Every structure is written in C-alpha cells, then in structure tokens.
Amino acid sequence: MMGIDRYRNNIKSLTHFLFAGCLLASVSLSAQQTKVLQHGAHRVGKRTDAEMATWRGYGLGQFIHWGVYSLFGGELNGNYYNGAAEWIRSWKDMPHGVYDSAYKQFNPASFNATQWAKMAKQMGVRYVTFTTKHHDGFCLWPSKYTDYTIANSPYKKDIVKQVVDAYSKEGIDVYLYFSVMDWHNPDWRYDLKTKEDSAAFERFKLFTKNQLTELLQQYPQTKGLWFDGTWDNSWKKSGAFTDTLEQYLKTLHPGLIIGSRFRADEFGNRHVDANGVLMGDYEQGWERKIPKTYADVHGNDWDCVMTIPENGWGYQKKWLGHWKSTNEILEMTAQCVSLGGNFVLNFGPRADGTFRPEEVTIAKEAGDWMKINSAAIYNCEYTGWEKQDWGYYTKKTGENKVYMIVFNVPVSGSLKIKPAKNTLVDKAYLLTAPGKNLSLEKLDYGASFIHVSSTGYKQPFVIVLETKEGSEKSDEQKAKT
Ligand code: 16Z
C-alpha cells in the first residue's frame, strides 16, 4: 500500500500545494498527473492544532476488544476456530442464530471500569481505544437505533459510558472504535449491485450517521473515532457521503481525531486519495506492523496497533503460537516513538470482565518500566540521527534532549552515537542517575562512544543526551576513496 509511488505523489502534491499558495476544496490543481478531487484530502501535511499535538505526544496507548465474541473465546462445542476470536461469527461451523442470541448471556459480573482504568494508568498508557461496536453489530452502549445492544442483555447497563467515565477520570484520553461493517443490520451490503442494494445502503448510511452522532453526543469526552470495516465496495462507492459525514462529525465535535481508515475519495481510493495525499488525521495502516525507517511514514502522523499473540484481538481461550514478552512490547513502543508514531497494545478481556493473567502481567511489567523511563516515550519524536544497532533514539519535543533507549548492548560494551549535522552532545547520563555524567569518547566524523558494562541487563535502559547546536572542528583525516 505504501510504495515509492505514493511517496513521490506526496512530494508532488506538496509541491503543487506550495505553488498554489492556498488550499481550496481540493488539494492539488495543476498538471495532468494530478486529479482535481472533490472528496480527496483537504489538507497536506500534519494537523497543527493542540488536540493533535496531544495525540502526537501520547507515545503509548491501549486497545480493548470486548463484546459478544468474548463469550465464545474462539470456541464452539469444544472445537476451536482457526481465525481471530472476534470473527467467530463468520466461521462456517457457527450457526448465526447461536451467535446472534448469545448476547442474552452477556452479563459481565466482574466488570469494573475503574479497575480497568487503573490497570491502564499503572501501565502508563495515555489513550485508550474501546470497541463500541465490532463487525457483529452488537452495541456496548444503549443505541436507540437498534435493539441489538447492551440494554437488552441481562447486564443492561451502559458499558461505553462506564469506560469513558472511568478512563477520563484517570486522565486517559478515550477514542471509540466503531465498525462500519455490521453483520447484524439487514441493510448492510458488501457491494451495491442492484437498486435494492443502493436503497438498503441509503438506510444503512443514515443508521451509521445516527449512531455516530449518538456516540459523540452521549460521550462528549471522546477525543476521536477509530473506524474499521470500511474496506468493502459499498463504502468505497460512497466517497462523497464519507467525506460529508467526516466533516459533519468534526463540526459536531471540534478537534475530533479520525484516522485514514474512515473514508474514500470519489474514485474509491482509501487512506490516500488519487493524488497520493493522506485522507484523515493520521495514517491508520500500521496494523500489526511497524515502519523500518522514517521515510516509510511519508511525513504523516501514525500509530501502530498491535496484538500480544500473533493474531486475534478478542478474548481467545487457547492462545496458540508465540505471544510477545514485555521486552518485545517495550521495544515496539520505543521503535514506534523513535519514528514519530504511537504504539497501541490490544487487550481482549474475558466475557466476565476480567483480564487474563498474561495481559495483567504485561501491563504490570510495562508499567513498572514506564514509571522509570517514560520520559523517553512521552512527548517524544523522531531525532533525525542515524540509527544505531543498540536500540532507538527519541527526542523530547521542543527540548534539546535526546534519549537512547538501549536494547542490545554489543559485546564490546561500546555504544556508538552519531548526532545529526549541527548538533553536539553536551552531556550524557543515565536517566536514573542525572547527576553522574558518562564520559564520551570522541571518534571520527563527529561520532562518540559511551562505554557501558557489556553484560547483566534484564530490561532496556535509557541514556539522556543533552545537546547543543554546533559542529566539531574538523581536524580529522577524511578517507580518500
Ligand atoms: C485480515 O482481515 C482482518 C483482520 C482484522 C479484518 C478485520 C480485522 C479487524 C479485527 O477484528 C480487529 O478489530 C482489527 C483492529 N480489525 C482490523
């Protein structure tokens, strides 16, 4: 999806934009290769407002998948579904009648939103994305536009409200996951092939707009919406509608953050429009994968959503295959932040409202690390320094401070640093020992070594580099080649 062509297109559009001097309804206006779009991107480059700056600084987030699928945990009558547990309704062995009436047993006796929020707070996450409605169509809030909601389960109480309130109280920003694709609504269509399809989908679009309006009105603390299930032809053919709806939602809720997965342009392009420009406030394509280099993110804001097991988001009784260790998760967090993104870790609570022990342990261990090291994660950005093998650099936004998050100490114990041009390292010290400067051994080409013990580490550690502007007096012999 994110090839070099798109990168070139981005540059091209940006150039056009700069020459055009002002931004009208469509972004780029000249040249044969650039299309005039009514429903393409309405902005080139990152958002510059305070809400988006907050989003950019989060560093670490939590995702929660919870719903009717959690009752099954990937199992039906002793047999295990091979796919992701939250997709079990689509299993050939699953009678729809069985799945669609299972909500009558959804009664999470041990659900305690305050405990969830406290666990997330302890872990150090600064935003949460919560499933209000997954593909099965079951609403965890009492929507007045369908009967298939929590209000008609034995539990009855509004779960979305409890989550929004409890997390907000802990100071964690709340984002609502919403699947457009809805297997329960008879008006949902994968494609629009007949007049009847189009008529049904018109009703579905109104239903979607109503539900989203309802969510924003009932949970005004919401900072953004995380859309899913927007990849089918029916939605791709509704570019104008998706654009109008996005603008309407933002009018209703100024500052609202919506990723690139929501809408399509009038040609059915998703994420990026026909001119290669991102549609949405951040790139939402980094799902279970992380960019390797800064060039890969094309100058966009982005976050990576990640599962602990290999795949699967909802509760799965039998967690087969590899599941990530806390150190792997910390490394992914550091990698994302070093490339200017956020890292969002998914949790799939059981149907009774409790978290499995593996998730509790990871949250606890990650939180213990964050308590000591979060300075290198929060409000940090890409440094522009050449990546080294020991780990990841992050830079405190607006400050002359670079963090080295060290994961791999070489057998020599020598950590190489090579600042960007015009930057010098003034001081280096362990984040845990600010008064005690580490010595920097100067090398050629503006590089230095910091020497540390080569063994004995159980977790990544952080070295702070205080930087200043300037360049080394160049008396070194450059190689003649
Ligand atoms: C491979 O096709 C997929 C994979 C995952 C289609 C949808 C998804 C859903 C998951 O159920 C989960 O909600 C994830 C965030 N989403 C993209």
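Residue numbering for the sequence shown is -31 to -1, 1 to 450, as defined by mature numbering (1 follows the signal peptide of the UniProt record, and there is no 0).
Where is the CB? At the ideal position from N, CA and C, for every residue including glycine.
No experiment lies behind these values; they were computed from the predicted model shown.
Check, Outcome
"Same chain, Cβ closer than 7 Å to R325, neighbours up to 5 away in sequence not counted", "R319"
"Per DSSP, cross-strand counterpart(s) of N406", "Y398"
"heavy atom of the ligand 16Z below 7 Å from W157 C-beta", "no"
"Three-state secondary structure (DSSP) of G268", "coil"
"Endpoints, the beta strand (DSSP E) within which H420 is located", "S417 to H420"
"Anticipated Cβ contact below 8 Å, residue 455 with W354, distance rounded", "Any answer about residue 455 is impossible in this case: the structure gives the chain only from -31 up to 450."
"Cβ neighbours of R25 in the same chain (closer than 7 Å, five flanking residues each side left out)", "D270"
"Contact under 8 Å by Cβ, E183 with K258", "no"
"CB of D197 within 8 Å of CB of S122, strictly", "no"
"Inside the stretch 83 to 145 only - alpha helix (DSSP H) runs reaching at least 4 residues", "128 to 138"
"For Y284 and A54, believed in contact at Cβ under 8 Å, the rounded distance", "6 Å"
"8 Å CB neighbourhood of R172 in its chain, flanking five on each side removed", "D156"
"Buried/exposed call for I341, threshold 16 Cβ in 10 Å", "exposed"
"Backbone CA spacing between K385 and Y347 [nearest angstrom]", "24 Å"
"Backbone CA spacing between W292 and Y50 [nearest angstrom]", "18 Å"
"Which of helix, strand or coil DSSP assigns to Y49", "strand"
"Residues that M21 bridges to, as DSSP identifies them", "Answer by DSSP bridge pairing: none, since M21 is not bridged."
"Beta strand (DSSP E) runs wholly inside the stretch 189 to 261, at least 3 long, in chain order", "193 to 197"
"V97 CB to nearest heavy atom of the ligand 16Z below 7 Å", "no"
"Contact under 8 Å by Cβ, L225 with K178", "no"
"Same chain, Cβ closer than 8 Å to N391, neighbours up to 5 away in sequence not counted", "E438, G439 and S440"
"DSSP three-state assignment for I277, whether helix, strand or coil", "coil"
"As assigned by DSSP and simplified to three states, the class of N315", "strand"
"Paired residues, beta bridge with S148 - DSSP", "D197"
"Residue(s) in a DSSP beta bridge with Y159", "Looking at the DSSP assignment, Y159 forms no beta bridge with any residue, so it has no partner."
"CB of W152 within 8 Å of CB of D127, strictly", "no"
"Anticipated Cβ contact below 8 Å, I227 with I277, distance rounded", "Their Cβ separation, rounded to whole angstroms, is 26 Å, which puts I227 and I277 out of contact at 8 Å."
"Within 8 Å, strictly: CB atoms of T100 and G36", "yes"
"heavy atom of the ligand 16Z below 7 Å from V274 C-beta", "yes"
"Contact under 8 Å by Cβ, residue 453 with Y361", "Lying outside -31 to 450, the shown extent of the chain, residue 453 is not represented and no answer is given."
"Unbroken beta strand (DSSP E) run spanning S383, endpoints", "S383 to I386"
"L40, enclosing alpha helix (DSSP H) - first and last residue", "Y38 to F41"
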